[in-house]
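Taking the working numbering, I'd label the letters of the sequence shown as residues 616 to 870. We treat Cβ as the ideally placed atom computed from N, Cα and C, and that holds for glycine. Down below is the structure, laid out as structure tokens.
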Amino acid sequence: MIKFFRKIRQKLLSENKFSKYLIYAIGEIVLVVIGILIALQINNWNLTQQDRKTEKENLLSLQEEFSKNKTKIQEIIQQNNQNISGAEKMIQSFSSASKDTISEQIIAIYGSETFGTEINFEPETGVLTEIISSGQLKLIRNNELKHKLAGLQSKIDEIKQQEKEVLDYRIIAIKQMINEGNMERVYAYLGIRKAYVNTTFESTGIKSMLNSLPFLNQIVLYQSSSNVTNQAFYAPLNKEIEIILELITNRLKEL
């Protein structure tokens with residue numbers, strides 16, 4: 616093709632047809648420019664298609680990751696509610712009406728329901744972290760979704776701070792329970808020990824814990840902090856995850 620155009624130019628010059636040569640030269644330049652523009656357009660289209668393919672793959676991975684995290688946060692909320700409920704039973708045990716009638720075994724069970732499970736939300740963030748660190752977050756063509764994904768880690772960090780507060784209250788309350796009650800009997804009632812032994816301590820039972828105001832205060836603080844964690848941290852994050860999953864689903868429908 617190049618040789619063909621060169622022969623035409625040489626023929627026009629040899630025949631001293633300069634005006635025709637000039638017109639031809641301009642036409643040739645225009646054709647070259649058009650060819651370059653077409654090539655660029657094709658290249659841009661290919662890049663765009665590759666970006667959309669990458670976006671779809673990332674969104675599908677995020678959808679799987681956030682679906683797992685939704686299940687996790689709902690399980691954590693449920694477990695935390697059980698701790699809160701157990702704490703309320705323990706608090707009610709301190710009432711004058713309950714002290715005389717409640718059994719040591721019931722107190723041990725309430726204590727297990729209150730302090731038996733440590734709350735710790737550990738979300739899966741591998742896919743999201745990789746997308747952000749690789750700069751591929753910009754490929755997602757939904758500004759609201761990008762904004763929520765970019766800000767999620769800060770929300771998780773805030774939850775970790777709150778969980779630490781709950782854990783601190785939990786540890787203090789458990790230490791107080793150990794100081795105030797007979798843990799050997801507690802474990803026997805819970806089936807961890809086969810039977811408890813008779814001791815000569817002045818306070819050999821579990822009910823002595825119900826006479827401790829510091830222990831009651833620690834349970835109240837633990838329960839209150841757990842309530843705040845559910846209402847101000849876990850529930851909003853659960854809602855945020857639901858919104859993110861909805862945005863991902865809608866964007867996938869567009870691809």
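Query                                                                                  : Result
Beta-carbon gap between Lys-687 and Leu-860 smaller than 8 Å                           : no
Alpha helix (DSSP H) segment containing Arg-785, residue limits                        : 758–795
Where Glu-670 falls, given that 16 or more other Cβ within 10 Å makes a residue buried : buried
Straight-line Cα distance separating Lys-763 from Ile-747                              : 12 Å
Asp-666, DSSP secondary structure in three states                                      : helix
First and last residue of the uninterrupted alpha helix (DSSP H) at Lys-868            : 850–869
Pro-738 - DSSP class collapsed to helix/strand/coil                                    : coil
Helix, strand or coil at Leu-805 [DSSP, three-state]                                   : coil
CB contact flag (Leu-831, Phe-709, <8 Å)                                               : yes
Alpha-carbon spacing of Glu-680 relative to Asn-758, whole angstroms                   : 20 Å
DSSP-derived helix/strand/coil call for Gly-650                                        : helix
Distance between Pro-829 and Glu-817 (C-alpha atoms, nearest Å)                        : In this prediction, Glu-817 has a pLDDT of 48, which is less than 50 and means its spatial position is unreliable; what the coordinates show is noted afterwards. Approximately 20 Å, taken between the alpha carbons.
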